[in-house]
Structures are given as structure tokens and as C-alpha cells.
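This report refers to the structure that appears directly beneath it.
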Amino acid sequence: MKDIIRIGMVGGGEGAFIGAVHRMAARLDGQYRLVAGAFSSDAQRSRASGMALGIEPTRAYADWRAMLDGEAQRADGIEAVVIVTPNHLHARVARDCLAAGLHVLCDKPLANTLDEAHELLQVARASQRLFGVTYTYSGYPLVRHARALVAAGEIGEIRSVQVRYAQDWLSTPVEMAGNKQAAWRSDPALAGEGGAIADIGTHAYHLARYVSGLDAQALLADLTSAVTGRRVDDNAHVLLRYANGARGMLWASQTAPGNANNLELAIYGSRGGLNWRQEAPDELWFAPLGESARVIRRGDASLCAAATTATRVPMGHPEGYLEAFANLYADFAAAIHAHRAGESHTHANRFPTIEDGLDGMRFIRAALTSSREGGVWLPLR
Ligand SMILES: NC(=O)c1ccc[n+]([C@@H]2O[C@H](COP(=O)([O-])OP(=O)(O)OC[C@H]3O[C@@H](n4cnc5c(N)ncnc54)[C@H](O)[C@@H]3O)[C@@H](O)[C@H]2O)c1
-7 MKDIIRIGMV GGGEGAFIGA VHRMAARLDG QYRLVAGAFS SDAQRSRASG MALGIEPTRA
53 YADWRAMLDG EAQRADGIEA VVIVTPNHLH ARVARDCLAA GLHVLCDKPL ANTLDEAHEL
113 LQVARASQRL FGVTYTYSGY PLVRHARALV AAGEIGEIRS VQVRYAQDWL STPVEMAGNK
173 QAAWRSDPAL AGEGGAIADI GTHAYHLARY VSGLDAQALL ADLTSAVTGR RVDDNAHVLL
233 RYANGARGML WASQTAPGNA NNLELAIYGS RGGLNWRQEA PDELWFAPLG ESARVIRRGD
293 ASLCAAATTA TRVPMGHPEG YLEAFANLYA DFAAAIHAHR AGESHTHANR FPTIEDGLDG
353 MRFIRAALTS SREGGVWLPL R
């Protein structure tokens, strides 16, 4: 049995969304223990949140710097930190954690600005610590299988990448009506310059890149706010060009009624096509050219190793969001164990890294600039 990895959390206090998801994911395979945290910007709320989670009272800290100082004094201090605050704190907290010698698992987007992300990458590389970014959707078994199919040439040369991420929860100005999650997401000081393009567009962009294996070379974007008075975009249309001549379309909207978390990826190549939907994640549609389309199911005996090892229960017992998140945690744990042993861990096909986080920031910046300039093609790399 490998030693449990002791983690601290920054953000994720009572009433927060993604912090609780991270905690469930971290618990799923029994490899982590949450032992410390700075769960809120308010010291009392942080303590109350820690108590509710069963954290020792002295380890529910007033802020993240106190957590880093306090934990450094302990023989059983934390080894890694999970960052689940609003975006503006990601880079600041991550830098301090790396300086304290800790591994970092940070939610997306990596930072508030591209400059901040570049700086953070330098700090992370110099620190020799692990840095994961939780682009959740790369944790789904059938997303991993889709990637393997593309890499094996099963759909031939890619010609078209179509990805959409549609939600409807920001269709009205809920940020004015006390919705906390909406409030920070529509404040550029807390969310960064991007709205939907950063919040969900980066997920779609990463998913398309992860499965296709292609880096977009240029984009043209048209970002709008459907809700009057909103200070960030809530609807984004983006065209993409790839080095091999393939073209892509990405639509990210948080003002599309009838859509809860409608993320869908379709990739078409010279020999076939495939399609995966987050709301039906146990099925991958695969159509070799000239043959009937077939549905590949999670748990099929023919799935690649990356998909099989990311599966916990047999076919017919649905898996989903929490398990996908847990797969990123499992991969991150494997990397930490290798790091402890002084081995280098190859995480090809595994958890997204800070480089992927930086790529997402490049995408946001280019999309915002392109749109502000009236919709021009801009290079991405
Ligand atoms: N990977 C995904 O699928 C996914 C999904 C949702 C959100 N996210 C990302 O997770 C992050 C949090 O989003 P959310 O929806 O959970 O937001 P949220 O508003 O629900 O939670 C944010 C938490 O951070 C805390 N916080 C704020 N300032 C703090 C500080 N100075 N110190 C400690 N804690 C502080 C808040 O008190 C709150 O508990 C965002 O970066 C978002 O983009 C990722």
C-alpha cells in the first residue's frame, strides 16, 4: 500500500461548487487525505468549512499563506495543494505553493492573464514540482479511447473538428440577483478578461486538442454578451485552422436555453468520423467511412488501456463526471509517487499539465483580441 498523499485545499468553502467535486474525486480511490485548507477569503468561514469537513481545527487556516507556514512546521505537513478559488487567485496561490515546495493541482483557467501564466510556467519549471490543471473532460474513458483511435489513424487525416459547449444558466443577469458563482465570473477583476470563452471555451478547446492531437495554428473569434450590462462575453464563436489544413469550429455559450452542460465533440477525417457527448459519456459514436456507424461503449473489451484503466465499474453501470475527475486525481497520484521515488513519470495521455493551462490562456487572449479587432485571423503559436 502506497503512502496516502496529504493535501491542502485553497477555496472550496461551504456553498462552493467545484471544491466539493474535487474532494469527492480525491477520495474515490483512497490515495489522498484532505488534512488542511484555507477554504474561504473569510477566516471564520474557512474555519467553519474546515470543521464541517472534519479537518483538525488548527489546520483550517485563515488564509493560504498561513496554511503554507503552518504546514511547513509539521512533520506530517501537506505535500500538494488543490486550488479551487475564483480565477484571479490561481497564479498567486500556485506561485506561493511552488515556493513552499508543494505540488499543485489547479483548476482552469490557469491564471487571470497570459502574462501571469507565462511567469507561472517559469516558476513551476524551476521548482521541479508537479503541476496539473483540471481540464475535467480528458478524464473520461471514452475521450481517452477517442484520442487513441485518432492517434492510430482510424479516422485517417483529420479534416474538420467541431466542438460545442452550451449552457443556459447565465441567460439572465443572475449575477445581479445574488448568484455568487455568476457574480465573480462576470467581474473581469476576478474572472480575467474572458467570460464564457474562459469558463467553458477553454474546456472545449482543450478537449478538441486532446482528442485530435492537433494544435490549432490560428483563430478568428466573434465574442458577444447577450445579456445587457454584462461585462464579459457569454457567447463565443471561434473558427480554427490547423497545420495539416484541417479546420475547426468552436461554440461556447452560457446563454443557450435548454442546455445544461452540453459539451459535444465531433471529428471528421479522410477515413471516418467520431462523436462524443458529455451528457451521454459512456458512448462514443464511431463511423468508418462507407460502413454503418457503431457505438463504442465504456467497458467494451476492445477499449485501449488508457480507457480501461480509467474505468471502475462494468458496462451498464453509468460512470460520469466524478469518475472523470477522479481519473485526473489517480494520474496525478501516480506522478507524485514517481516523484517521491525520484523517478520521472511519463504522463503522456494522462493528466493535463501547466503547459496545457498556458495553451488555454493563449486561446483566451487570441480570441479576445481577434473579436475586439472585428474578427481577424490571429496566430496562436
Ligand atoms: N474543472 C471544471 O470542470 C470546473 C467546473 C467549475 C468551476 N471550475 C473552476 O473552479 C474555480 C472555482 O469555481 P466555483 O464554481 O467552484 O466557484 P465558487 O464561487 O463556487 O467557489 C469559490 C470558492 O473560493 C473561495 N475563495 C474566494 N477567495 C478566497 C481566498 N482568498 N482564499 C480562499 N478561498 C477563497 C470562496 O469562498 C469559495 O468557497 C474557478 O476557477 C472555475 O473556473 C472548474
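One point on numbering: in this note's numbering, the residue at position 17 of the sequence shown is 9, and numbering is uninterrupted.
C-beta: ideal position from N, C-alpha, C; glycine also.
Predicted model, so just to flag it, every value in this text is computed and none were measured.
Paired residues, beta bridge with residue i - DSSP
| i | result |
| --- | --- |
| D214 | H229 |
| F278 | L266 and R286 |
| Q154 | M241 and A258 |
| L377 | In this structure the chain extends from -7 to 373, so residue 377 is not present and cannot be described. |
| T345 | G124 |
| I75 | V2 and C98 |
| L370 | L211 |
| A52 | G29 |
| Y234 | A208 |
Contact belief for residue i with residue j at Cβ below 8 Å, rounded distance in angstroms
| i | j | result |
| --- | --- | --- |
| V153 | L232 | 7 Å |
| W268 | L134 | 6 Å |
| A30 | A54 | 7 Å |
| G187 | R177 | 7 Å |
| N254 | A158 | 4 Å |
| A218 | T247 | 4 Å |
| V155 | L199 | 6 Å |
| S130 | P344 | 6 Å |
| G221 | P165 | 6 Å |
| A213 | S363 | 5 Å |
| I(-1) | A18 | 7 Å |
| A64 | A92 | 6 Å |
| L266 | W277 | 6 Å |
| Q270 | F9 | With 8 Å as the limit, Q270 and F9 do not qualify as a contact, their Cβ atoms being about 16 Å apart. |
| R136 | A299 | 5 Å |
Proximal residues to residue i (C-beta, below 8 Å), its chain only, five neighbours per side dropped
| i | result |
| --- | --- |
| R15 | M1, G4, L26 and L45 |
| R239 | R151, S152, V153, L231, L232 and R233 |
| N236 | E149, I150 and L206 |
| Q23 | K(-6), I(-4), I(-3), Y321, A322 and A325 |
| S41 | G4, G5, E6, G29, F31, S32 and A52 |
| S38 | G5, G29, A30, F31, S32, A52, Y53, A54 and D55 |
Chain-order list of residues whose beta-carbon lies under 6 Å from that of residue i (same chain, five-residue window excluded)
| i | result |
| --- | --- |
| A190 | P101, G184 and I356 |
| N104 | N79, H80 and G184 |
| Y321 | A17 and A18 |
| A316 | T128, G131 and Y132 |
| R263 | I147, G148 and L281 |
Secondary structure of residue i, DSSP reduced to three states
| i | result |
| --- | --- |
| R(-2) | strand |
| A208 | strand |
| P133 | helix |
| A67 | coil |
| F355 | helix |
| A116 | helix |
| V85 | helix |
| R386 | Because the chain here runs from -7 to 373, residue 386 falls outside it and cannot be looked at. |
| G173 | First, the amino acid is wrong: residue 173 is Gln here, not Gly. Q173 falls in the helix class under three-state DSSP. |
| F317 | helix |
| M307 | coil |
| S178 | coil |
| S163 | coil |
| S38 | helix |
| A103 | coil |
| A333 | coil |
| D292 | coil |
| V224 | coil |
| L45 | coil |
| A196 | helix |
| A252 | coil |
| D21 | coil |
| G184 | coil |
| F324 | helix |
| I10 | helix |
Close beta carbons around residue i, own chain, < 7 Å, minus the five adjacent residues each side
| i | result |
| --- | --- |
| L94 | I70, E71, A72, V73 and R121 |
| A297 | none |
| T77 | V2, G3 and V85 |
| S163 | T247 and P249 |
| Q209 | R233, Y234, A235, P371, L372 and R373 |
| Y197 | L242, G352 and F355 |
| L90 | V96, V115, A116, S119 and R121 |
Contact with chain B by residue i, beta-carbon distance below 9 Å
| i | result |
| --- | --- |
| R39 | Any reference to chain B falls outside this structure, which holds one protein chain only. |
**Prompt:** Are the region 109 to 118 and the region 259 to 277 touching, with three or more C-beta to C-beta distances below 8 Å?
**Reply:** no
**Prompt:** Would you say the region 282 to 289 touches the region 157 to 173, given that touching needs at least three Cβ pairs under 8 Å?
**Reply:** no
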